[in-house]
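Q: Structure incoming, see below.
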Amino acid sequence: MCSSDLVLKLLKENFEGKYNVIHKGTPFYFLSMGSFLTGDFEKAVYYMDAAFKEDIRSEIDLKETPAGLFFDLNTENEKQAGLEIVKSIKRNMDYKLKEIEKLGGPTLSINDIKNRITLLSLKNRTDLCTVSTALLSFFYEYQSRKLLLELSKFSEGTAEPFILYWLKGCVIFESLIRNSDIGKKTRNNTHFFNLGGFLKEEKIFKALGFVKCPVNQKFNKYSDLKKYIDKKNDNEKFLEKSITVTYGIRNIVAHSLAWEDKPCLNEFEEINNFITGAICIAIDKLYDNKTESEL
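Numbering (my numbering), first residue to last: 310 to 604.
Now the structure itself:
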């Protein structure tokens with residue numbers, strides 16, 4: 310627990326009534342900034358969301374608050390302490406979105422992500438709030454996870470940072486399908502649907518742009534997945550392979566952290582591109598490109 314967390318904890322314990330009433334947007338905002346700088350990305354977006362909720366409770370103009378500017382990914386207004394962090398998030402997102410497009414994925418801009426997911430989740434789709442913050446931290450974490458492999462290139466050892474990072478991306482992909490309009494209709498008509506069940510549903514895979522189910526592989530361990538990725542198939546497009554790899558990683562990681570080796574840098578980047586590609590496909594195909602949203 311950092312000193313700022315501790316101060317708030319002591320205030321709540323000793324002055325709970327006042328603590329519940331006062332506006333805590335500012336301390337939450339700076340706790341978020343500190344967490345970004347120390348690499349605790351989940352904690353960072355949690356506190357940023359808490360700051361945003363405090364601003365809503367206090368009926369402050371959200372377009373002008375630092376937390377509002379953060380979720381709006383606004384880099385034009387310089388009246389925010391976390392401006393450089395917002396710029397960094399946008400750089401990471403822009404780099405990765407352009408890379409996915411070059412590989413054969415959909416053409417998506419930062420505004421597409423913002424309008425279709427981020428701002429939507431802050432307004433009338435609160436079920437997407439966690440998906441939205443996870444998506445932002447997923448993009449932001451990429452360079453941090455990549456740096457770990459650049460600094461330590463041992464083939465043996467823990468793969469925890471990369472496995473859990475991939476799992477987050479896979480669950481984001483599944484959540485985007487499950488909570489899309491067509492996904493909600495599909496799950497309401499059945500007792501239970503996992504990711505494989507959704508991808509085998511005709512309405513789902515056609516909505517994603519495929520004429521048949523894109524998943525036709527089963528992977529029991531990471532080495533099986535590596536063989537599939539390394540095998541070149543001229544008839545298999547990037548979009549199809551993205552879905553298959555994401556499905557494979559989702560099943561392998563969700564059931565075991567006992568991996569025989571950890572990914573090398575090239576493997577990490579390649580698999581990250583496939584998972585990010587799957588996420589982009591879901592956003593592009595399942596979430597309407599409506600008129601520009603505002604806070």
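Positions of the beta carbon are idealized from the N, C-alpha and C atoms, including for glycine.
#1: Within the continuous alpha helix (DSSP H) that includes Leu-406, where are the two ends?
#2: Looking at the unbroken alpha helix (DSSP H) that takes in Ala-468, where does it start and where does it end?
#3: Where Cys-266 and Glu-579 are concerned, what is the direct C-alpha to C-alpha distance, given to the nearest angstrom?
#4: At the level of alpha carbons, what is the spacing between Lys-372 and Gln-452?
#5: How about the segment 450–467 and the segment 545–563: do they share at least three Cβ pairs that are nearer than 8 angstroms?
#6: Report yes or no: do the segment 527–540 and the segment 414–433 share at least 3 C-beta pairs separated by less than 8 angstroms?
#7: Any idea if Gly-518 is buried or exposed, counting beta-carbon neighbours within 10 angstroms, 16 or more meaning buried?
#8: Could you check what DSSP says for Gln-389 in three-state terms: helix, strand or coil?
#9: Give every residue of the same chain whose Cβ lies closer than 7 angstroms to the Cβ of Lys-405, excluding the five residues on either side of it in the sequence, and list them in chain order.
#10: If you count every other CB in all the chains shown that lies within 10 Å of the CB of Val-330, and 16 or more means buried, which is it?
#11: When DSSP labels each residue in this structure, what does Lys-530 get in the three-state scheme?
#12: Take Glu-465 and list the residues in its own chain whose beta-carbon comes closer than 6 angstroms to its own, dropping the five residues that flank it on each side.
#13: Quick one, which of Ile-365, Lys-540, Phe-339 has its alpha-carbon nearest Ala-353's?
#14: Span of the alpha helix (DSSP H) holding Pro-523?
#15: Runs of 4 residues minimum, wholly inside the segment 435–504: which ones carry the alpha helix (DSSP H) assignment?
#16: Taking the Cβ atom as the reference point for each residue, do Thr-384 and Gly-334 lie within a distance shorter than 9 angstroms?
#17: Just how far apart, CA to CA, sit Ala-587 and Asp-593?
#18: Near Lys-396, which residues of its chain fall below 8 angstroms by C-beta distance, leaving aside the five closest residues on each side in sequence?
A: Let me lay it out:
#1: 392–412
#2: Ala-468 -> no alpha helix (DSSP H), and no H or E assigned at all.
#3: Nothing about residue 266 can be read from this structure; the chain reaches only from 310 to 604.
#4: 29 angstroms
#5: no
#6: no
#7: exposed
#8: coil
#9: Phe-448, Tyr-451, Thr-585
#10: exposed
#11: coil
#12: none
#13: Phe-339
#14: No alpha helix (DSSP H) contains Pro-523, which DSSP labels as neither H nor E.
#15: 438–460, 469–487, 490–497
#16: no
#17: 10 angstroms
#18: Thr-384
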